[in-house]
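**Student:** Going by the numbering used here, the first residue of the sequence shown is number 16, and it counts up by one from there.
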Amino acid sequence: MEASPYQARRASVDDLPALQALWQELGMPWEQLGQFINEFQVVTDENDQLAGAIGLLIEGDDALLHSEAIRADVEADAVRASMWRRMQIVARNQGAKFLWTQEDAPYWRDSGFGPAPAERLQISKASFLDQSADWRMFLLVDPARIQDALQEQFAILEATRLQDTENFERKVKLFRTFAYLLALAVIGGCFALLFVLASNNPDFFRRLLGR
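Right, dumping it as structure tokens:
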């Protein structure tokens, strides 16, 4: 596979002049967007020139892809591919499970963004979700895989609990056996001592009983 000429990374304040110029060129609210520079990921070309940018806002389980901006003289879908790889990594690393967008380029639909389920839209607490808007959603984490992973973890915990219980019961049995043996040894020692004393002194028991 041919290496991509584009690299994606988090935007920094050094990128702001180039970003604002691109936003202005595309007729986007550049002054407002500049206030949220920390939300943006940028894509640069082989000459380290800005090729595109996209915002990623994360709120709990939900993340928003917004404000896509791509230079007119670059291969847009190749830039989006770099964006998309970066978006998934960043969103997963920050615990997001659902990616939302209103970006309408065919690339995003082809990448798995489908019509947002009404039930998910209703229960989401993300501040950016307008219930009346047209949203597309991408599921970052497969619920079936989550369930399987949880069941596997529960099985491991249960096996560990049972093993710990067996180890504890085994230790209790060993302690009881040791205690019984120790008691028998003490009792046996006492009888042996009495036998020795009685053998060496026939009047021992008579004196012991006060007779």
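Idealized CB from N, CA, C, for every residue including glycine. The structure presented is a predicted model; accordingly, all values stated were derived computationally and were not measured.
For D30, which residues in the same chain have their Cβ closer than 7 Å to its Cβ, ignoring the five residues on either side in sequence?
**Tutor:** V57, L65
**Student:** Look at the alpha carbon of D76 and the alpha carbon of A141, and state the distance between them as a whole number of angstroms.
**Tutor:** 8 Å
**Student:** Identify whether Q146 lies in helix, strand or coil by the three-state DSSP scheme.
**Tutor:** Three-state DSSP puts Q146 in coil, outside helix and strand.
**Student:** Taking Cβ positions, are E83 and I104 nearer each other than 8 Å?
**Tutor:** No, the Cβ-Cβ distance between E83 and I104 is not below 8 Å.
**Student:** Using only CA atoms, which one of V156, V89, P132 lies nearest to S147?
**Tutor:** P132
**Student:** Looking only at DSSP bridge pairs, what is L65 linked to?
**Tutor:** T59
**Student:** Does DSSP put R86 in a helix, in a strand, or in coil?
**Tutor:** coil
**Student:** Please report how far the alpha carbon of E54 lies from the alpha carbon of S27, in whole angstroms.
**Tutor:** Take the alpha-carbon of E54 and the one of S27: they are about 10 Å apart.
**Student:** DSSP three-state label for M43, please.
**Tutor:** coil
**Student:** Specify, as a first and last residue, the run of the beta strand (DSSP E) that L114 falls within.
**Tutor:** 113-116
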